[in-house]
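Trainee: Residue numbering for the sequence shown follows the working numbering, starting at 43 and increasing by one per position.
Before I ask anything, let me first share the structure, which is written out below as structure tokens.
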Amino acid sequence: MTELARPVAEPFAEPLGEPAAEPAGAARRERPRLLGLDGIRGIAALAVMLHHCYLLAFPGYPSNNGPLWAAWLFYGHLAVVVFITLSGFSLGFSPAQHDWQLGGGARFAHRRAWRILPPYWAALVFSLIIAWTVVPQPDTPVPNGKSVVIFGLLLQDVFGSASPNGAFWSIAIEAQLYVVFPLMLLVLRRAGAIVLLTAVTLVVTTIGVLAPHVSAVQLLIRLTPEFAVLFALGLVATAVLRAGERVRRLPYHWLALAALVPPVALMAVRGSVWTATHYYWVDLAFGPGVALLLAAVATGRPRLLVRLLDTRPLRSLGSFSYSLYLTHAPIVVAIHAKLVEPHVSGTVPTFWANVGLAGPVAIAFAWSFSRFFELPFQRYRSWGPLRAAIRARLGRPRPVPGPVGEP
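So, in structure tokens, the structure goes:
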């Protein structure tokens, strides 16, 4: 899992249907859910885990040295396009219902931090323990104190440091997108979707063109600026949910297919090395197709796909996809290094051993991890309600003071 093999960004967008405002500290309410989107998260998270199993079994990145039937697993990085676009779509749901109003910058920042940081910090501790006591990430030095500070402050895409987890690179980028999200909403509200997409795309394209020739601009590539376009595409795609029936009935699934065929064909013709070294432009090429696919699924088409995505196993996997993303890499690497590599010979048998051993362990661990470090922070929006829920679960209700003078 080298830096070039960075697989995905976080599958952890806010649940759809969130109201524009709710009392501070209130427990999470039941909210409308768009069918199929949890399933997309689940599939994408599973693909990332399989991608890492694949890279460990078939080394040589950016050359794709695996068999043809499994070659698609080499391109796990493209899940980043899905996750970032879906993040913009999910966060845009509530503003789209309220004239693109954010509902308060401080409230937004608090809820993002409350939702993202506790699981991330817990996974950081877990990853450091594995790296220090079992095995570090491939082709990466053992993390040190600098790593703890940089990754703890979500600065890993700004400052270089030994990584405790090959998937953490994208969490910092997602956090930076949250910073520009209010500005995107402002432009969308005052100038419209075309102006927003044009402005963001123009800036990102300029960076991409100048980066090979201007060293100062080259430094910006480290921040993966193309993700801003993907995020904006997802945000704009949310407008389909507030559109009239005529717009909602457009064949978005066929439009998505038409938009995705050219970049897929280009990748097939140019090969893995070219694709991996041009992900900046490949990501941008995939963005419109993914945004159209999200619009299609959100409007219930194609029905067979939506029904498949809304099956219970995929919904369940999507419910803890953030935890799976955060914790799978150390588990996959440790099981490969300690159990598979010493006892299994051959690349294909190694791949299946990675999948068969590390896959179930990673999924089971992520499910348990989410019960402690993710789901409670989704259900309760501040420390007060969360502490009360913990006391209730432990059977220790908080004592209620009696009247003054009562013993």
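Ideal placement from N, C-alpha and C gives every residue a C-beta, glycine not left out.
Under 8 angstroms, do Tyr294 and Arg343 count as touching if we go by C-beta distance?
Mentor: Going by C-beta atoms, Tyr294 is nearer than 8 angstroms to Arg343.
Trainee: In this structure, does DSSP put Ala68 in helix, strand or coil?
Mentor: At Ala68 the pLDDT is 42, less than 50, meaning the model places this residue with poor confidence; the figure from the coordinates comes in the next sentence. Reduced to three states, the DSSP call for Ala68 is coil.
Trainee: Between Ala138 and Arg284, how many whole angstroms is the CB-CB distance? I'm expecting something under 8 angstroms.
Mentor: Going by Cβ atoms, the distance from Ala138 to Arg284 rounds to 5 angstroms, so yes, they are a contact pair.
Trainee: Using only the alpha-carbon positions, how far apart do His320 and Ala430 sit?
Mentor: Going from the Cα of His320 to the Cα of Ala430 covers about 50 angstroms.
Trainee: Would Arg157 and Phe419 qualify as a contact pair, given that the criterion is a beta-carbon distance under 8 angstroms?
Mentor: Yes; because the gap between Cβ atoms is below 8 angstroms, this pair is in contact.
Trainee: Which same chain residues end up closer than 6 angstroms to Gly78 when comparing Cβ atoms and leaving out the 5 residues on each side of it in sequence?
Mentor: The residues are Val339, Val348, Leu351, Asp352.
Trainee: Okay, do the region 244–257 and the region 217–232 touch, 3+ Cβ pairs below 8 angstroms being the bar?
Mentor: No, because fewer than three Cβ pairs between the region 244–257 and the region 217–232 fall closer than 8 angstroms, the two stretches do not touch.
Trainee: Pick from Pro305, Met91, Ile263, Ala235: whose alpha carbon is nearest that of Gly208?
Mentor: Per the Cα distances, Met91.
Trainee: Give the list of continuous alpha helix (DSSP H) stretches no shorter than 4 residues that lie fully inside the region 323–372.
Mentor: 345–351, 354–361, all fully within the region 323–372.
Trainee: By Cβ distance, which residues of its chain are closer than 7 angstroms to Tyr96, with the 5 residues on each side in sequence left out?
Mentor: Cβ neighbours of Tyr96 beyond the five flanking positions: Gly108, Ala112, Leu115, Phe116, Phe393.
Trainee: Taking 6 angstroms as the limit between beta carbons, can you name the residues of its chain near Ser203, skipping five residues before and five after?
Mentor: Closer than 6 angstroms at Cβ, skipping near neighbours: Lys188, Ser189, Ile192.
Trainee: Answer with buried or exposed for Ser105, where buried requires no fewer than 16 other C-beta atoms within 10 angstroms of its C-beta.
Mentor: The residue in question, Ser105, is exposed, as its Cβ has fewer than 16 Cβ neighbours within 10 Å.
Trainee: Locate the alpha helix (DSSP H) running through Lys188, then write down its first and last residues.
Mentor: Residues 187–194.
Trainee: Starting from the C-beta of Leu356, find all residues in its chain whose C-beta is less than 8 angstroms away, skip the five residues before and the five after it, and write them out in chain order.
Mentor: Asp80, Gly81, Gly84, Ile85, Leu350, listed in sequence order.
Trainee: With the cut-off set at 8 angstroms, would you say Pro402 and Ile172 are in Cβ contact?
Mentor: No; because the gap between Cβ atoms is not below 8 angstroms, this pair is not in contact.
Trainee: Here's the rule: buried if 16 or more other CB atoms are within 10 angstroms of the residue's CB, otherwise exposed. What is Asn186?
Mentor: The residue in question, Asn186, is exposed, as its Cβ has fewer than 16 Cβ neighbours within 10 Å.
Trainee: Which one of Gly329, Val306, Trp409 has the shortest CA to CA distance from Val124?
Mentor: Comparing Cα-Cα distances from Val124 to each of Gly329, Val306, Trp409, the minimum goes to Gly329.
Trainee: Output the distance between the C-alpha atoms of Ala281 and Leu76, rounded to the nearest integer angstrom.
Mentor: Their backbone Cα atoms lie some 14 angstroms apart in a straight line.
Trainee: Could you check whether Val251 and Val271 sit closer than 8 angstroms to each other, using their CB atoms as the reference points?
Mentor: No, these two residues do not count as a Cβ contact at 8 angstroms.
Trainee: Return helix, strand or coil for Asp199, following the three-state DSSP convention.
Mentor: In this structure, Asp199 counts as coil in the three-state DSSP scheme.
Trainee: Buried or exposed for Thr240, please, with buried defined as at least 16 other CB atoms from any protein chain shown within 10 angstroms of its CB.
Mentor: Counting Cβ neighbours within 10 Å, Thr240 comes out exposed, since fewer than 16 surround it.
Trainee: Once the 5 residues before and after Thr266 are set aside, which same chain residues still bring their CB inside 6 angstroms of it?
Mentor: Counting only Cβ-Cβ distances below 6 angstroms, and skipping sequence neighbours, we find Ile215.
Trainee: Which residue comes first and which comes last in the alpha helix (DSSP H) that contains Trp163?
Mentor: Here the alpha helix (DSSP H) through Trp163 covers 147–175.
Trainee: Check whether the Cβ atoms of Leu238 and Ala333 lie closer than 8 angstroms to each other.
Mentor: Result no, Cβ atoms of Leu238 and Ala333 do not sit closer than 8 angstroms.
Trainee: Report yes if the CB atom of His94 is closer than 8 angstroms to the CB atom of Val374, and no otherwise.
Mentor: Closer than 8 angstroms, so yes.
Trainee: Measure the alpha-carbon distance for Gln179 versus Ala318 and round it to whole angstroms.
Mentor: Spanning the two alpha carbons is a distance of roughly 20 angstroms.
Trainee: Nearest to Gly134 by alpha carbon, out of His119, Val122, Ala121, Phe150?
Mentor: Considering only alpha carbons, the answer is Phe150.
Trainee: Taking only three categories from DSSP, how would you classify Asn396?
Mentor: Of the three classes helix, strand and coil, the one that applies to Asn396 here is helix, per DSSP.
Trainee: Whose C-beta lies closer than 6 angstroms to the C-beta of His370 among residues of the same chain, with five residues either side of it excluded?
Mentor: The residues are Met91, Ala404.
Trainee: For Leu227 and Leu144, which I take to be in contact (beta-carbon distance under 8 angstroms), what is that distance rounded to the nearest angstrom?
Mentor: At roughly 5 angstroms, the Cβ-Cβ gap stays under 8 angstroms, so Leu227 and Leu144 are in contact.
Trainee: Kindly give me the distance between the Cβ atoms of Arg288 and Thr341, rounded to whole angstroms, as I take these residues to be in contact under 8 angstroms.
Mentor: Incorrect: roughly 12 angstroms between the Cβ atoms, too far for contact.
Trainee: Assuming Ala376 and Val177 make a contact with CB atoms under 8 angstroms, what is their CB distance in whole Å?
Mentor: Confirmed, Cβ separation roughly 5 angstroms.
Trainee: Classify Trp296 as helix, strand or coil using the three-state DSSP reduction.
Mentor: Looking at Trp296 - three-state DSSP - the assignment turns out to be helix.
Trainee: Residues in its own chain within less than 6 angstroms of Gly130 by CB, not counting five upstream and five downstream?
Mentor: Within the same chain, Gly130 has close Cβ partners Phe273, Gly276, Leu277.
Trainee: Need the endpoints of the alpha helix (DSSP H) that Arg83 sits in, please.
Mentor: Note, Arg83: alpha helix (DSSP H), 79–99.
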